[in-house]
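For the sequence shown, position 251 (counting from the first letter as 1) is numbered 1034 according to my numbering, and the numbering increases by one without interruption.
Where a beta carbon is used, it is the ideal one built from N, C-alpha and C, also for glycine.
Source: prediction; values computed, not measured.
As structure tokens, the structure follows; a few thoughts come after it.
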Amino acid sequence: MLIFLHITKVYSLEEKNEICNMLWKGVDFYNGYGLSECTIESVVYHCNDNMDQLSVSGMCPIGQPLPGTLLRIVDETGNSVVPGMIGELHIGGDQVMNGYVTMNSMDTSKIYEHNHIKYFMTGDNVRLNTNGMIEFYGREDQQVKIRGFRVELGEIENAFLSLETGMECFVTYSSMEGEKELAVFLSGTKDSEDVIREKISKRIPYYAIPRFIVLLHRLPCNSNGKIDRPLLMEESEKIVHQSQKVVSVVSNEIEDIVRNEWEKVLGRKVFTNKTFFDQGGHSLIVLKLFNQLQQRLPDYEFVIGDLFRYPTIDRFVEQLSHRIDNNSSTNGQTESVNKIDLLEKVKQGDVSIDEAMYILGGNNT
């Protein structure tokens, strides 16, 4: 028995397995990939085969080409990449279109011939794994540089989607004071922003963690049933613009103080966008830093756990700025969250039991 499900989304492995477990015996479930320019369906994965254990992305593979379909995975220069490397997917064969009816000839620039075969540049990044299955990594035009690091928005989305079954996600970026800042819109989760930030920090590097996490009941969709990306990008611009108004009032006054105290305890010049621990800090030095910051910033409310939760100068200063503006968090709430964070640090071996006891005692002074 064959069932077709027309759903325009990317599946995590967890979601794929959940669907397979719900199917009746003998029902086949396929994950397909294709573009209108290449006659809709070009690559298909038989989900029942469970050939996805080697999926590095954490997402359900899109599979293998259908008969008569040729694929190329190429780098920026148009040369084929070796298996295991990420590159842009090009689809070839007789099914590739000649052009658009209502558009001029310039719009056929993504069509070319290679070894007498017509190919279309999809603009999607993929990878061929060792099982011979193709994994989808998002749009090529979603690559962006954040503080000198090149990140793939699709990979960040995949990381968020792997946190929880049924979650929807859209990652975008906006410019803030000359720097690009990431924003993520999420739906389908009951976790708080702090919990999500803690979970995602274990899956992607610190520079790829979005500065803004926006939780929605449901992500807006366009008339085709797909996530309304232009609308969310517009919302991201508004959020960043509003944040600039709030943060700039206070951050300039305290950033120099915080940076100065960091440099004192670390004995070196520091970066405001790198974590305290990536720049040579450890849990014992945090205690010293906390005491010094309390003396230099007596009008600001924070606890030692904030230095673990917001380990860069940028994020720490931003949090202080928001607290002054919104007055939205109480000491009791902050301390209870920090105790949970601290227990996780003990579990992971980042903080010893003696250090944790000292820190908890410091919270009450």
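- Secondary structure remark: continuous alpha helix (DSSP H) runs of at least 4 residues inside the region 1038-1090, in chain order: 1066-1079.
- Residue 1018 and residue 964 have their alpha carbons spaced roughly 13 Å apart.
- Counting along the chain, residue 901 sits inside the beta strand (DSSP E) bounded by residues 900-911.
- Per DSSP, the beta bridge partners of residue 846 are 917.
- The beta carbon of residue 864 is closer than 7 Å to those of 856, 857, 858, 870 in its chain, skipping five residues each way along the sequence.
- Relative to residue 1089, the option among 1038, 1081, 987, 1073 whose CA is nearest is 1073.
- Contact annotation, residue 905 with residue 874: C-beta distance approximately 6 Å; criterion of less than 8 Å satisfied.
- For residue 802, the CB contacts under 7 Å within the same chain, skipping 5 residues up- and downstream, are 812 in chain order.
- DSSP places residue 962 outside any alpha helix (DSSP H); the residue lies instead in the beta strand (DSSP E), whose first and last residues are 962-970.
- Residue 1004 is bridged by DSSP to 1010.
- In the DSSP assignment, residue 875 falls within the unbroken beta strand (DSSP E) covering 869-875.
- With fewer than 16 other CB atoms across the displayed protein chains lying within 10 angstroms of its CB, residue 1067 is exposed.
- Residue 811 sits in a strand when the DSSP states are folded into three classes.
- Distances from the CA of residue 979 to each of 996, 1023, 941 were compared; the closest alpha carbon is that of 996.
- Residue 975 is positioned such that its CB atom lies no closer than 9 Å to that of residue 918.
- Ranked by how close their Cα comes to the Cα of residue 831, the residues 852, 823, 805 have 805 in first place.
- DSSP places residue 976 in no beta strand (DSSP E) but in the uninterrupted alpha helix (DSSP H) bounded by 976-983.
- Residue 937 places its beta carbon less than 9 Å from that of residue 908.
- Burial check for residue 916: the Cβ neighbour count within 10 Å reaches 16 or more, so the residue is buried.
- Taking residue 1012 as reference, the option from 954, 1065, 1064 with the minimal CA-CA separation is 954.
- In the DSSP assignment, the residues bridged to residue 829 are 813.
- The alpha carbon of residue 872 has as its nearest neighbour, out of 843, 825, 1091, the alpha carbon of 825.
- Taken through DSSP and simplified to helix, strand or coil, residue 1092 comes out as helix.
- Shown here, residue 939 sits in a helix according to DSSP, grouped into three states.
- Per DSSP, the beta-bridge partners of residue 934 are 927.
- Around the beta carbon of residue 939, a 10 Å sphere encloses 16 or more other beta carbons of the protein chains shown; the residue is thus reported as buried.
- Close CB contacts of residue 1001 within its chain, under the 7 Å cut and outside five residues either way in sequence, are with 970 (chain order).
- Nearest C-alpha to residue 881 among 822, 1003, 1083: 822.
- Cα atoms of residue 949 and residue 943: separation of roughly 11 Å, rounded to the nearest angstrom.
- The closest CA to that of residue 853, considering only 879, 833, 868, 866, is found on 879.
- Residue 1099 and residue 1084 have their C-alpha atoms roughly 12 Å apart.
- DSSP places residue 896 inside the beta strand (DSSP E), whose first and last residues are 894-897.
- Here the C-alpha atom of residue 931 lies approximately 21 Å from the C-alpha atom of residue 1038.
- With contacts defined by Cβ atoms closer than 9 Å, residue 867 and residue 911 form a contacting pair.
- Per DSSP, residue 802 lies in no beta strand (DSSP E) segment; the continuous alpha helix (DSSP H) that holds it begins and ends at 796-805.
- Residue nearest to residue 1015 within the set 846, 1046, 951 is 951 (criterion: CA-CA distance).
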